[in-house]
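**Q**
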Amino acid sequence: MGIFMRKWTLNNHSSAFNQKSGFLFLSLSLLLLSSSPLRADPTIDRIIPPGAKQGSDVEIELTGKFLESAEELVFEEGLIQVQHIDSVDGSRVKARISIPPDCRLGAHRLRVRTARGLSELRTFRVGATQQVNEIEPNNEPSKAQNIELEQTISGVITGEDVDCFVVHLLASSRIAAVVDGIRLDQEMFDSHLEIIDSRGFVLGANDDNSLLGQDPMLSIVVKEEGDYTIRLRESAYGGNNGCVYLLHVGTFPIPIVAWPPCGMPGEEVKFEWLGDPAGSFQTRVILPESAGVEGIAEIRPERDGKRSTAPVPVRISSLATVVESEPNDVPDQASHSSIPGAFIGRMDSKNDVDWLRFSASKGTTWRVTAYGRRLGSPIDLVLNAHRDDKKREKITGSDDTDGPDSDMRVLVPDEGSFLVRINDHQRRGGPEFIYRIEAQQVVPHVDLAIPEGRSNTQERLVVTVPQGNRTVAVFNANRTEYSDDVRLEWSDVPQGVLATSLPFLAGSPGGAVLFEASADAPLGTGMARVVLRSAHETNELLGGLRQSTSLVYGNPNQTQYRATISDRLPVAVVSPSPITVHLKAPIIPLVRRGRFDLQVRIERAEGFKGAVKLEFPWKPTGVSALAGVEIPEDISEIGYTINATADAPVRDWQIVVAATPKGAPADKKKGKALQQSDLWVASQPVTLRVAETLIELTLEKSSAEVGQETTILCKVSKPGSFEGNAKCKLMGLPVHVDSPEVALSADVKELIFPVVIGADAAVGKHDNIFCQVLVPLNGEWVIHSMPASQLRIDRPLSGQSQATTSSDDKGSQKLSRREKLRAAQAQSLSKATTQTPEDSTAVSEDDTGGLKNNPNTAPPVSTKDSAK
């Protein structure tokens, strides 16, 4: 690595070996430069209104950051049409949208595309009732806003705000209210809902529930005719401008769970809807053929011609389903099923326990997955697998693997069956405490996902590729029972864009994909699909994209409250970037425990003179690099240092580097091409070979005293095969300790490093002394770092007494207690001899006096060693 000059190469060996000045300065410089601001992607903080009615045209306003030059409002499903979009300023965008009359009810994923790229993900709600806006002031029942039934109110709760709405009801009338708050995916909004009568008595209240989480819903039947007030607030009287809501008021039902909680694709099922305060009811529903990535459909049952506003989740699966049969509270009464298959049941009463028996071939592995809370049930499932014998020995267990729902893997024992014990974590029960247990055999499977960022969780979860350039996306591969090579097949990428997957090799935790746009690729956004297959002749289908996106975080400790999963990847084509990055293909390998400088060249567009941040986006197994290096505006070519661990896999890898332009262009009149700061662009891929070391050296431990000269022996444990001389240098030496560079030929068995210990060298053990070896190959140098050894520096004992008496004159430091004891020991040994005072004085001045019996001192050097 290095940015001392416009072009830095490894031919500058003195810089490579200067571990005390240049190397340290360079490392600190890179670390300081790498602390650059985060990428300025467009963000959406708030959408007003956050939803609208089917069949309506509505103008919405999106507020956030970096929204200037907004060019497209993208609804990922393509169901909602955008009539026009205008950027008001850098923080506001207005758009007019058209919602078809048959548009799917619920949340629709949206993003804004600007010249900078795609914004983070947000959602927009489509409802079935007429929508009105909240009118302030309405903080008290006396100032409550008049509304009608079968309406949706769009509003916002600010700090200590309470919104009141009044509706006139006849005696024995039913009123239901449901809040879309946190489910609007804009803010951590924990709302509280109440209905009060004209005298101020609370008739019903709700905060959290098992179906909607932090969004409340309630329903009551009033006894008297009169005005009834609905009060909505943040549960702790908090709030801010991001706490927007949709309040649905009407006579609709509000069930929380279905029985059965599942069905086959396309099947007509008679459901019983549970949890509605007016009692359960039944309807027949034709289920959809598919239900997205999670396999859960949202069903809105109707009662008396009124459709539920809060959808009830139903599991869509082709697995054969068995209903538990009571009694099954003990293992001998366990309900039985062959697998693959599913059980459905419920915890009818407090302390209820259900036992299930699954039959399968011994030695096979099965995944047992529980569905409870994901289906709206209040149950907190706990699963435990036991052997199906007399002892009922526990095999494994699970609690809260996927939220309150559990998931476990079971290896079928010799009996050819196993038992599963099911209970609620708090031993609760009731009609709504339903569950579904699925058992499927574990088969080879691989899912892809772009890892979320630590602070900005949505950073680079989408692909933004400039015209005439390329970018890179880094994926994790979640492997199940498959560790071999994977091939990726991409489709539905935007016109003019080519997706090229770098090899996802066996044992690798992931890989990278290059997206390259032609110079004339149309600006726009597409939703790409990917299929994963075995890279071998079997061409086995393994999986696809399973991208989770976190939407809402909150206390405690930034807990994730809302997330969404998609099997499609947004890919946007934007205006050209002001930089292009080029990576030179290495002609020498990166050896284990070695390092290598990738030669990178930055090509800046005319008029752009900003700095560039360089990154190594995807690291092969065992290869590391700095998180980022910022290249000053007057530098175009640098070396980017990468390192290999001692156990890095020996193989060829495809790698790229990525660069981000920083700052503004010198001439803003040059157009959009120079305004593309913060776009991630990538180099072409090159092959990096990770190889075994060309030579191995073993550095022996050594010790010496302050102010002495000594030697360190280094033995060749693996002879090298190279032409010319290698260059060897001791690295990690403490300050005031020097050792020259030593040449090494291929036939040398050992070499000796002369070492000079300065008078001010630090006393003690120095454990990180290692030998760096530069081996010539193909006109360049292959850099090796040998295993570390130890250098121990001791303080001379013979001069301690004299040093103590003259400390005031020389200003030396005070002796430690240990040093005083060692000095006293030396004096006592000197007095115990039969020598004359003159002889005693001579001994005390000898460099070896008083050291022969000291265990912390190295033994005397023999004549043979001295000759060597």
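The numbers in our numbering rise by one with no breaks, and the one at position 451 of the sequence shown is 464.
Even glycine gets a Cβ: it sits at the ideal position worked out from N, Cα and C.
Note that the coordinates shown come from a computational prediction; the quantities given were computed from them, not determined experimentally.
1) Quick one: what does DSSP say N254 is sitting in, helix, strand or coil?
2) Fully enclosed by the segment 208-260, which beta strand (DSSP E) runs are 3 residues long or longer?
3) According to the neighbour-count rule (16 or more other Cβ atoms, all chains shown, within 10 Å of its Cβ), is L92 buried or exposed?
4) Does the Cβ-Cβ distance between V139 and G194 come in under 8 angstroms?
5) Which residue marks the beginning of the beta strand (DSSP E) containing Q295, and which one marks its end?
6) Within the continuous beta strand (DSSP E) that includes N781, where are the two ends?
7) Taking the alpha carbon of V425 as the point to measure from, which residue in G389, P698 and W379 has its own alpha carbon closest?
8) Would you check if there are 3 or more beta carbon pairs closer than 8 angstroms linking the segment 762-775 to the segment 573-583?
9) Using the beta-carbon count (16 or more within 10 Å), is A659 buried or exposed?
10) Looking only at C-alpha atoms, which of E147, V748, I309 and M201 sits nearest to N568?
11) Run through DSSP, which three-state label would S561 get?
12) Beta strand (DSSP E) containing E713: first to last residue?
13) Please check the pair Q96 and S111, which I expect to be a contact at CB under 8 angstroms, by giving their CB distance rounded to whole angstroms.
14) Decide if P800 is buried, meaning its Cβ has at least 16 other Cβ atoms within 10 Å, or exposed.
15) Can you have a look at S167 and say buried or exposed, based on whether 16 or more other CB atoms are within 10 angstroms of its CB?
16) Could you tell me the alpha carbon to alpha carbon distance between V586 and V101, rounded to whole angstroms?
17) Among A291, A304, T414 and V270, which one has its Cα closest to the Cα of G279?
18) List the whole-angstrom C-beta distance separating R387 from P326, where the pair is believed to meet the contact cut-off of C-beta under 8 angstroms.
19) How would you call S419, buried or exposed, if buried means at least 16 neighbouring beta carbons within 10 angstroms?
20) Compare the Cα-Cα distances from V395 to each of R135, D497, R473 and M360 and report the closest residue.
21) Could you check whether G130 and D240 sit closer than 8 angstroms to each other, using their CB atoms as the reference points?
22) Count the other CB atoms, across all protein chains shown, that sit within 10 Å of the CB of D176; report buried if there are 16 or more and exposed otherwise.
23) Bridge partners for D176 per DSSP, in chain order?
24) Around the Cβ of D852, are there at least 16 other Cβ atoms within 10 angstroms (buried) or fewer (exposed)?
25) Drop a sphere of 10 angstroms on the beta-carbon of R483, count the other beta-carbons inside from all chains shown, and report buried for 16 or more, exposed for fewer.
26) Take G737 as the anchor and find which of V719, A717, V750 and V761 has the nearest alpha-carbon.
27) If you reduce the DSSP assignment to three classes, tell me which class D99 lands in.
28) What three-state label does DSSP hand R422 in the structure shown?
29) Under 6 angstroms Cβ to Cβ from N152, same chain only, skipping five residues before and after it: list those, please.
30) Can the beta-carbon of V719 be found less than 8 angstroms from the beta-carbon of T673?
31) Counting only the same chain and skipping the five closest in sequence on each side, list residues whose C-beta sits under 6 angstroms from that of A519.
32) Kindly indicate which three-state DSSP category L746 falls into: helix, strand or coil?
33) Check whether the segment 450-468 and the segment 231-239 touch, using three or more Cβ-Cβ pairs below 8 angstroms as the test.
34) Considering D460, what are the terminal residues of the beta strand (DSSP E) in which it resides?
35) With 16 other CB atoms within 10 Å as the buried threshold, where does Y653 fall?
36) Mapping DSSP to helix, strand and coil, what is K404?
**A** Let me spell this out:
1) N254 falls in the coil class under three-state DSSP.
2) The qualifying runs are 215-219, 230-234 and 239-247.
3) Exposed: under 16 other Cβ atoms inside 10 Å.
4) No.
5) From DSSP, the beta strand (DSSP E) with Q295 extends over F294 to I299.
6) Counting along the chain, the unbroken beta strand (DSSP E) around N781 starts and ends at G777 to L790.
7) Ranking the options by Cα distance to V425, first place goes to W379.
8) The answer is no - the segment 573-583 does not touch the segment 762-775, with fewer than three Cβ pairs under 8 angstroms.
9) Exposed.
10) Closest option to N568, Cα to Cα, is M201.
11) Note: S561 maps to strand in three-state DSSP.
12) Unbroken run through E713: none, as it is neither H nor E.
13) 6 angstroms between Cβ atoms; contact.
14) Per the 10 Å Cβ criterion, exposed.
15) Under the 10 Å beta carbon count, S167 is surrounded by 16 or more other beta carbons and is classified as buried.
16) Roughly 23 angstroms separates the two Cα atoms.
17) Closest in C-alpha terms to G279, from the list A291, A304, T414 and V270, comes A304.
18) Going by Cβ atoms, the distance from R387 to P326 rounds to 6 angstroms, so yes, they are a contact pair.
19) A residue is called buried once 16 or more other Cβ atoms fall within 10 Å of its Cβ, and S419 is buried on that count.
20) The option with the nearest alpha carbon to V395 is M360.
21) No, the pair does not count as a contact, with Cβ atoms beyond the cut-off.
22) Buried, since its Cβ has 16 or more Cβ neighbours within 10 Å.
23) According to DSSP, which records beta bridges pairwise, D176 is partnered with L245.
24) Any reading at D852 must be qualified, since the residue scores a pLDDT of 41, below 50, and its modelled position is unreliable; the value itself is stated next. With a threshold of 16 other beta carbon atoms within 10 Å, D852 falls short and is exposed.
25) Buried.
26) Looking only at V719, A717, V750 and V761, the smallest Cα-Cα distance to G737 is reached by V761.
27) Strand.
28) Note: R422 maps to strand in three-state DSSP.
29) Contacts found: V175.
30) No, Cβ-Cβ distance for V719 and T673 is not below 8 angstroms.
31) Excluding residues within five positions, the ones whose Cβ falls inside 6 angstroms are S496, D497 and D498.
32) When secondary structure is reduced to three states using DSSP, L746 falls in the coil class, being assigned neither helix nor strand.
33) Because the criterion of three Cβ pairs below 8 angstroms is not met, the segment 450-468 and the segment 231-239 do not touch.
34) Boundaries of the beta strand (DSSP E) around D460: H458 to A462.
35) Buried.
36) Correct three-state label for K404: coil.
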